[in-house]
Amino acid sequence: MNLPHDYNRFLETLLQQIQRDDRFIGLAAGGSLLSDELDEYSDLDLIPVIDPAHHASVMEQRLDLTAAWGRQVTAFTGEHVGEPRLVISLYEDPLLHVDYKFVTPAELATRIEDPVVLWERTTELTDVIGRTESNHPMPDPAWIEDRFWAWVHYIATKLGRGELFDVLGALNFVREQVLGPLALVSAGHLPRSVRRLETRVPAFAERLQGTVAGYDFKECGEATRTCVTLYRELRDQLAPADLTRRTEAERASLAYLEEVLSRGPRQKTTG
2 MNLPHDYNRF
12 LETLLQQIQR
22 DDRFIGLAAG
32 GSLLSDELDE
42 YSDLDLIPVI
52 DPAHHASVME
62 QRLDLTAAWG
72 RQVTAFTGEH
82 VGEPRLVISL
92 YEDPLLHVDY
102 KFVTPAELAT
112 RIEDPVVLWE
122 RTTELTDVIG
132 RTESNHPMPD
142 PAWIEDRFWA
152 WVHYIATKLG
162 RGELFDVLGA
172 LNFVREQVLG
182 PLALVSAGHL
192 PRSVRRLETR
202 VPAFAERLQG
212 TVAGYDFKEC
222 GEATRTCVTL
232 YRELRDQLAP
242 ADLTRRTEAE
252 RASLAYLEEV
262 LSRGPRQKTT
272 G
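For the sequence shown, this note's numbering begins at 2 and goes up steadily by one.
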């Protein structure tokens with residue numbers, strides 16, 4: 002692999018340490034390294050594979066282990082993203098963000114992508130990957146359609162009240178959870194939020210700029226309208242024929258949005 006120097010240096014040192022620890026049977030990698038898109042701004046997504054006989058001790062010591070694998074300046078586990086096996090680490094010299102997902106061979110069988118094996122003590126990692134299939138979660142058009150118009154109504158209510166910070170957060174949610182993933186899928190990519198959207202679907206990314214508003218009532222309103230337009234187009238491209246379209250919810254939420262926008266920003270009271 003042709004990696005930036007700092008990444009190569011870090012991985013060489015890490016591999017030496019893991020190979021000396023009999024509790025590990027291999028190390029794999031995913032993310033940008035797997036897709037050959039790793040650059041100087043990338044994280045490292047690493048998968049230390051544990052001998053099942055030592056699973057408990059490794060999981061108990063995983064923060065201490067990652068601290069010993071480099072000049073770590075901070076680290077924490079991934080409960081906030083629903084993944085306690087994950088350790089998120091920041092190192093310096095070189096300054097790198099490294100995500101470690103500690104798994105056993107049996108756990109490696111359930112995965113969202115097929116990682117590249119950097120080292121294995123036997124052929125166990127290669128065997129597991131070869132006899133099982135990865136399964137990346139895909140957007141569910143029905144799940145989105147059932148919720149989208151309620152989200153539009155929510156945004157409209159916060160616009161009406163003048164809670165623009167909440168509106169901006171909701172618009173970001175729609176970009177990351179709906180528009181970005183659907184646009185990537187429509188272009189044949191995996192639905193990874195808005196990651197690398199600018200390079201993978203540049204024409205759509207340019208249009209998506211219209212969903213980014215400043216702290217301004219009118220801008221937030223126009224951004225919401227753009228979200229609706231883009232969603233409708235993507236829904237028409239990707240929806241199965243049997244999709245139940247929530248036409249009543251669509252009509253009601255859009256009518257309310259236009260009513261709120263026609264009133265203009267709420268006047269602030271003093272006193």
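Cβ atoms here follow ideal geometry from the backbone N, Cα and C, with glycine treated the same way.
Just so you know, these numbers come straight off a predicted model, no measurement behind them.
Alpha carbon to alpha carbon, how far is residue j from residue i? Give it in angstroms, no decimals.
i: Ala256; j: Val153; result: 11 Å
i: Val229; j: Phe77; result: 38 Å
i: Asn9; j: Leu198; result: 27 Å
i: Gly222; j: Lys159; result: 11 Å
i: Ala110; j: Leu34; result: 20 Å
i: Arg233; j: Ile156; result: 17 Å
i: Ile130; j: Glu114; result: 10 Å
i: Asp94; j: Ala29; result: 23 Å
i: Thr200; j: Gln20; result: 37 Å
i: Ala204; j: Pro53; result: 48 Å
i: Ile51; j: Trp70; result: 16 Å
i: Met139; j: Pro241; result: 14 Å
i: Arg246; j: Asp141; result: 13 Å
i: Glu146; j: Ser254; result: 13 Å
i: Pro116; j: Glu207; result: 32 Å
i: Glu251; j: Leu165; result: 22 Å
i: Arg193; j: Glu220; result: 27 Å
Is the beta carbon of residue i sitting closer than 8 Å to the one on residue j?
i: Glu177; j: Val195; result: yes
i: Gly31; j: Asp46; result: yes
i: Pro49; j: Phe25; result: yes
i: Leu120; j: Leu244; result: Before going on, a small fix: residue 120 reads as Trp here, not Leu. Not closer than 8 Å, so no.
i: Gly27; j: Glu125; result: yes
i: Leu180; j: Leu235; result: yes
i: Arg72; j: Tyr92; result: yes
i: Thr227; j: Gly211; result: yes
i: Leu231; j: Leu209; result: yes
i: Thr67; j: Tyr101; result: yes
On a CA-only basis, which of the options is nearest residue i? Give me that one, please.
i: Val213; options: Leu28, Leu47, Val74, Leu172; result: Leu172
i: Arg63; options: Leu47, Leu87, His81; result: Leu87
i: Glu61; options: Pro85, Trp70, Thr75, Asp40; result: Pro85
i: Phe218; options: Leu169, Glu251, Asp237; result: Leu169
i: Glu38; options: Glu220, Ser135, Leu4, Thr127; result: Leu4
i: Ala188; options: Glu121, Val99, Leu239, Arg226; result: Leu239
i: Leu248; options: Val99, Ala151, Asp100, Ala68; result: Per the sequence presented here, residue 248 reads as Thr, with Leu not at that position. The option with the nearest alpha carbon to Thr248 is Ala151.
i: Leu96; options: Ala107, Asp167, Thr75, Arg112; result: Thr75
i: Asp22; options: Ser36, Ser58, Asp7; result: Ser58
i: Ser263; options: Gly161, Gly79, Ala224; result: Gly161
i: Val99; options: Leu258, Thr225, Asp7, Ala224; result: Asp7
i: Ile89; options: Asp65, Glu13, Ala107; result: Asp65
Could you please give me the residues that DSSP links to residue i through a beta bridge?
i: Ser90; result: Ala76, Val99
i: Gly31; result: Asp46
i: Trp120; result: Leu28
i: Glu84; result: Gly79
i: Ile51; result: Phe25
i: Val104; result: Val50
Starting from the C-beta of residue i, find all residues in its chain whose C-beta is less than 7 Å away, skip the five residues before and the five after it, and write them out in chain order.
i: Gly163; result: Pro266, Arg267
i: Glu260; result: none
Cutting at 6 Å between CB atoms, please list the residues of its own chain near residue i, excluding the five before and the five after it.
i: Val82; result: none
i: Leu191; result: His137
i: Gly272; result: Residue placement at Gly272 is flagged as unreliable, the pLDDT there being 47, under the threshold of 50; a coordinate-derived value is accordingly withheld.
i: Val175; result: Cys228
Go through its chain and collect everything with a Cβ distance to residue i's Cβ below 8 Å, but skip five positions before and after it.
i: Arg148; result: none
i: His56; result: Thr105
i: Asp40; result: Pro5, Ser33
At least one CB of chain D closer than 8 Å to the CB of residue i: is that the case?
i: Val186; result: Absent from the structure is chain D; it holds one protein chain and no more.
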